[in-house]
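J.: These protein sequence lines map, in sequence, to chains A and B. So for the first sequence, my numbering puts the first residue at 7; every next one is plus one. So for the second sequence, my numbering puts the first residue at 3; every next one is plus one. Each residue gets a CB set at the ideal place from its N, CA and C atoms; glycine is no exception.
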Amino acid sequence: MSPVTIIPPHELRTGRAPGWDVARVRADFPILAREVRGHPLVYLDNAATAQKPVAVLEAMDRYYRDINSNVHRGVHSLSEAATNAYEQVRRLAATFLGAGSPGEVIFTAGTTASLNLVAQSYGGSVLRPGDEILVTEMEHHSNLVPWQLVAERTGARVRAIPVMESGGLDLGALERLLGPKTRVVAVSHASNVIGAINPINAITAMAHELGGGAIVVVDGAQSAPHLRVDVSAMDCDFFACSGHKLYGPTGIGLLYGKRQLLEAMPPWQGGGGMIREVQIERSTWAPPPERFEAGTPPIAEAVGLGAALEYVMAWDWNALVAYEQELIAEAGRKLLTVPGLRILGEGADRVSVMSMVMDRVHPHDAGTVLDTRGIAVRAGHHCAQPLMRRFGVTATLRASFGAYNTPEEVDALVEGLHEVRQVFG
Amino acid sequence: MTSELDELYQSVILDHNRAPRNFRKLEDATAHAEGRNPLCGDVYEVWLKLEGDRIVEAAFQGQGCAISKASASMMTQAVKGKTVAEARQLFEQFHGLVVGGREPAVGDRAGLSGAKLPAKLEVFQGVRAFPIRVKCATLSWHAMKAALDQTRS
Numbered sequence: 007m008s009p010v011t012i013i014p015p016h017e018l019r020t021g022r023a024p025g026w027d028v029a030r031v032r033a034d035f036p037i038l039a040r041e042v043r044g045h046p047l048v049y050l051d052n053a054a055t056a057q058k059p060v061a062v063l064e065a066m067d068r069y070y071r072d073i074n075s076n077v078h079r080g081v082h083s084l085s086e087a088a089t090n091a092y093e094q095v096r097r098l099a100a101t102f103l104g105a106g107s108p109g110e111v112i113f114t115a116g117t118t119a120s121l122n123l124v125a126q127s128y129g130g131s132v133l134r135p136g137d138e139i140l141v142t143e144m145e146h147h148s149n150l151v152p153w154q155l156v157a158e159r160t161g162a163r164v165r166a167i168p169v170m171e172s173g174g175l176d177l178g179a180l181e182r183l184l185g186p187k188t189r190v191v192a193v194s195h196a197s198n199v200i201g202a203i204n205p206i207n208a209i210t211a212m213a214h215e216l217g218g219g220a221i222v223v224v225d226g227a228q229s230a231p232h233l234r235v236d237v238s239a240m241d242c243d244f245f246a247c248s249g250h251k252l253y254g255p256t257g258i259g260l261l262y263g264k265r266q267l268l269e270a271m272p273p274w275q276g277g278g279g280m281i282r283e284v285q286i287e288r289s290t291w292a293p294p295p296e297r298f299e300a301g302t303p304p305i306a307e308a309v310g311l312g313a314a315l316e317y318v319m320a321w322d323w324n325a326l327v328a329y330e331q332e333l334i335a336e337a338g339r340k341l342l343t344v345p346g347l348r349i350l351g352e353g354a355d356r357v358s359v360m361s362m363v364m365d366r367v368h369p370h371d372a373g374t375v376l377d378t379r380g381i382a383v384r385a386g387h388h389c390a391q392p393l394m395r396r397f398g399v400t401a402t403l404r405a406s407f408g409a410y411n412t413p414e415e416v417d418a419l420v421e422g423l424h425e426v427r428q429v430f431g
Numbered sequence: 003m004t005s006e007l008d009e010l011y012q013s014v015i016l017d018h019n020r021a022p023r024n025f026r027k028l029e030d031a032t033a034h035a036e037g038r039n040p041l042c043g044d045v046y047e048v049w050l051k052l053e054g055d056r057i058v059e060a061a062f063q064g065q066g067c068a069i070s071k072a073s074a075s076m077m078t079q080a081v082k083g084k085t086v087a088e089a090r091q092l093f094e095q096f097h098g099l100v101v102g103g104r105e106p107a108v109g110d111r112a113g114l115s116g117a118k119l120p121a122k123l124e125v126f127q128g129v130r131a132f133p134i135r136v137k138c139a140t141l142s143w144h145a146m147k148a149a150l151d152q153t154r155s
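1. How about Val-28(A) and Ile-381(A): are their beta carbons less than 7 Å apart?
2. Using Cβ-Cβ distances below 7 Å, what residues of the stretch 372–384 of chain A are close to chain B?
3. Look at the Cβ atom of Ala-202(A), then the Cβ atom of Asn-149(A), and state whether they are nearer than 7 Å.
4. Pro-133(B): buried (16+ other C-beta within 10 angstroms of its C-beta) or exposed?
5. Contact check, Gly-2(B) vs His-144(B) under 8 Å by CB: the rounded distance?
6. Let me know the secondary structure DSSP gives Ser-361(A) once reduced to three states.
7. Does the stretch 45–63 of chain B come within contact of the stretch 123–140 of chain B, defined as at least 3 CB pairs closer than 8 Å?
8. On the three-state DSSP scale, how would you describe Glu-138(A)?
9. Can a CB atom of chain A be found closer than 7 Å to the CB of Tyr-46(B)?
10. Starting from His-18(B), follow the alpha helix (DSSP H) in both directions and report where the run begins and ends.
11. Is it buried or exposed, Lys-84(B), if we count other Cβ atoms within 10 angstroms and call 16 or more buried?
12. Cα separation between Gly-109(B) and Asn-122(A)?
13. Which residues mark the beginning and the end of the alpha helix (DSSP H) in which Trp-49(B) is found?
14. Show which residues of chain B have a CB atom less than 7 Å away from the CB atom of His-368(A).
15. Counting only the same chain and skipping the five closest in sequence on each side, list residues whose C-beta sits under 8 Å from that of Glu-181(A).
16. Using the C-alpha atoms, what's the distance from Ser-289(A) back to Glu-283(A)?
17. From the DSSP output, which residues share a beta bridge with Ser-194(A)?
18. Give the straight-line distance between the Cα atoms of Ala-314(A) and Leu-252(A), rounded to the nearest whole angstrom.
19. So which residues on chain A does Phe-132(B) lean against when the C-beta distance must stay under 8 Å?
20. Can you look up Phe-132(B) in the DSSP assignment and give me helix, strand or coil?
21. For Val-383(A) and Leu-177(A), which I take to be in contact (beta-carbon distance under 8 Å), what is that distance rounded to the nearest angstrom?
22. Quick one, which residues of the stretch 253–271 of chain A are near chain B if we go by CB-CB under 9 Å, in chain order?
23. Check whether the stretch 242–258 of chain A and the stretch 271–279 of chain A touch, using three or more Cβ-Cβ pairs below 8 Å as the test.
24. Applying the 10 Å Cβ sphere with the 16-neighbour rule, what's the burial state of Leu-260(A)?
25. Only counting the same chain, and skipping five residues up and downstream in sequence, which positions put a Cβ closer than 6 Å to that of Leu-268(A)?
26. Name the chain B residues that come within less than 9 Å of Met-212(A), Cβ to Cβ?
27. Which first and last residues belong to the alpha helix (DSSP H) in which Leu-326(A) is found?
28. So does the stretch 341–348 of chain A actually touch the stretch 419–426 of chain A, counting three or more Cβ pairs closer than 8 Å?
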C-alpha cells in the first residue's frame, strides 16, 4: 500500500478518535438542521454530493454582491478583483493538491469534465491504433466512457484491471497487463461504490516502469474529501476531483496535470481566453492553464470552492481520517446485526463509503424506507455497472459518511435497515 | 412504519414482489419489448401473445424493485384478455393513477368507455407520495405499450 496517501493505520479503527469536534463541524452546515418527512435529516449520501458550510454560501453571496465581474478581460477594478479572487483559488488548490505550481491546476466543471479533457486532449493526440488504455473494473463511468470514446476515435483498446472479491485491485494482473503498448492507466483513487482505496503510489511506479511511456490518470472524486492528497508524492500524471464533493459548490472541479504534459497538449475546447493569437484560418494557444479554460469560467463557483478549500484545509486531517474510519468501522460492525445484509468489498482499506445488498430486498425499496425516516442514502448502480457485474448484483444501497456525520446517525441507519428487513420479511 | 410507507408497500404489492405472476418468457409471443431504467439499472422484458386484436397471454421477466416487479406482475394480469385498444386505455389510466392530478378511472367508475383498471391496482396510488418511484411503477407498462406499438407497424 502506498505510504503517502494516508492509508489509515488499522489501530485507528478501534477506540475513540480523539480531536474531532463533530458538533462544531455540524454547526457550520445549515442544512443539517432541517427535517425530512418529519425526522431530522440524516445525510449519508456524501459520495454523491456533500453539504456546504456557511463559509461557502457566504463567499459566493459576497462575490455576487461585491465584485461580480468577468475574469482576465476588463481593465476595471471589479474585473481585477474577480481575477485576483479566481487566481487566488488556483493557488489554494495547488497547495491543497500538492501540485508543483498553480499553473498545473486547471478549473473545470467537475471530475467528469476533467477526465474528458485528459481523454480528448492527451489521449486524442497521443493514442495510436493498437495502443492500450488500462482502466479498472471499479471505475465510475466518467473514468471509463471518455476512454472508450477516444479509443474508438484512435483505434486504441480499453482493457480492465480486475477487482478482487476483497474489493482491492488485482495488482498482479496489473503487472501482467502493463506492457509496451500501455499508454494510459486510468484509475480511481477510491471507489465511489465500495470505498476501496487504491494504492496509487504503487500503481504509478509500476505504470511508469513497465508501461510504454504510460501516464497515470487518477479519478480523485472520492478520495479528495477523505484522504490527504499529494499529487507530487503520488507521482500521478493527472488528478481530477470535484468541488461539490469537497463541501464546495457544484459546477466547479479541478484537474491537476504535470506541467510538461499540459504544455504539449492541444486545447480541448476552443473559445475566448484560451488563445494567444487568432486569425481566420488558424490560431495559436495560450499556455496552460488558460489553454484549457475556454469561455467565461465558473467564477463564483471557483470562489465558493476557495472558501471550501480554506475551510477543509483548516481541519486536522489526521483526526478527520481517524473519525471517519471509526464511523465506517462501527457501521460495518452494527450492520452485521441486520439479517441477510452483506457489505461488498469489505476486505479493502476504505474511505467512509460502503455498499450493501440485502437478501430479497431491492436497494430502491430499502432507500425509500430509509427516506421515510429522514435518512438519505443512494440506491442504484452508482454509475459503475462493470463493478455491479463483477459482484453479481444489479444495484446496491450505498451509505457514505462525511466530516459531520455522527455515531448516532450510524445507529439510525442500522435501525432503519432493521425496519427494511421487517417490511420485506 | 409510517402511514406513507404502509400505503406504498401494501401486502398486495409485497405478495406480487415475492411471487410475481406470469413471470416467464412467452415462447410463442407475437410482441415483445424491453423496459429499462438507465438511472437505476432496472430492466424488464414483456411478452404479449396476440390473437387478432386481443391479448391472450402476457408475461414478463426481469430485475427490479418491489414496486416495479409487483406492477409488472399485476400489469400482465390486467391486460390479459383485453384488446389492444383496451390495453392502451389501461396504460393511460394506470399512469393517471400513479402520477396523480387526474381522477383515476378505477374499478366501476364510469367514464372512459371500454376497459377499466381493476380495483386492486389502486394499491399503486401510494406511489404518489414518492414521486421518484413513479418510474418504477410505470416501467413495465411502458414496455407493454412499446410492444403494442411494435405490432402496429
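T.: Checking against the coordinates, here is how it stands:
1. On the first sequence, position 22 is the one that residue 28(A) refers to. On the first sequence, position 375 is the one that residue 381(A) refers to. The answer is no: Cβ separation not under 7 Å.
2. Thr-374, Val-375, Thr-378
3. On the first sequence, residue 202(A) is found 196 positions in, with the first residue counted as 1. On the first sequence, residue 149(A) is found 143 positions in, with the first residue counted as 1. No, these two residues do not count as a Cβ contact at 7 Å.
4. Mapped onto the second sequence, residue 133(B) falls at position 131. Flag for Pro-133(B) reads exposed.
5. With chain B covering 3 to 155 only, the question about residue 2(B) has no answer from this structure.
6. Here residue 361(A) refers to the residue found at position 355 of the first sequence. Correct three-state label for Ser-361(A): strand.
7. no
8. Within the first sequence, residue 138(A) is the residue found at index 132, counting from 1. Reduced to three states, the DSSP call for Glu-138(A) is strand.
9. Residue numbering aside, residue 46(B) sits at position 44 when the second sequence is read from its first letter. Closer than 7 Å: no.
10. Start at 1 with the first residue of the second sequence, and residue 18(B) comes out as number 16. Note, His-18(B): alpha helix (DSSP H), 13–20.
11. Counted from its first residue, the second sequence places residue 84(B) at position 82. Counting Cβ neighbours within 10 Å, Lys-84(B) comes out buried, since at least 16 surround it.
12. For the purposes of this step, residue 109(B) is taken as residue 107 along the second sequence, with counting starting at 1. For the purposes of this step, residue 122(A) is taken as residue 116 along the first sequence, with counting starting at 1. Residue placement at Gly-109(B) is flagged as unreliable, the pLDDT there being 48, under the threshold of 50; the coordinate-derived value follows with that caveat. If I take the Cα positions, the gap works out to 53 Å.
13. Residue 49(B) sits at position 47 when you count from the first residue of the second sequence. No alpha helix (DSSP H) contains Trp-49(B), which is instead part of the beta strand (DSSP E) from 44–53.
14. What you label residue 368(A) is simply residue 362 of the first sequence in a count that begins at 1. Residues of chain B passing the Cβ test: Gly-66, Cys-67, Ala-68.
15. Translated into the one-based positions of the first sequence, residue 181(A) becomes position 175. Only Met-212, Leu-216 meet the Cβ criterion.
16. To locate residue 283(A), count along the first sequence from 1; it is residue 277. To locate residue 289(A), count along the first sequence from 1; it is residue 283. Their Cα atoms are separated by approximately 6 Å.
17. Sequence index remark: in the first sequence, residue 194(A) carries index 188 (1-based). DSSP lists Asp-225(A) as partners of Ser-194(A).
18. For the purposes of this step, residue 314(A) is identified with residue 308 of the first sequence, where counting begins at 1. For the purposes of this step, residue 252(A) is identified with residue 246 of the first sequence, where counting begins at 1. Those two C-alpha atoms are separated by around 7 Å.
19. The sequence position of residue 132(B) within the second sequence is 130, counting from 1. Residues of chain A passing the Cβ test: Thr-374, Asp-377.
20. By one-based count along the second sequence, residue 132(B) stands at place 130. Phe-132(B) falls in the coil class under three-state DSSP.
21. Position 377 of the first sequence, counted from the first residue, corresponds to residue 383(A). Position 171 of the first sequence, counted from the first residue, corresponds to residue 177(A). Wrong, their Cβ atoms sit about 31 Å apart, outside the cutoff.
22. none
23. no
24. Counting from one through the first sequence, the residue named residue 260(A) turns up at place 254. Buried is the call here.
25. Indexing the first sequence from 1 puts residue 268(A) at position 262. Pro-294.
26. Along the first sequence, one-based indexing puts residue 212(A) at 206. Ordered by position in chain B, no residue passes the 9 Å Cβ test against Met-212(A), which lies about 33 Å from the chain.
27. Reading the first sequence from its first residue, position 320 is the one you call residue 326(A). Element bounds for Leu-326(A): 323–341.
28. yes
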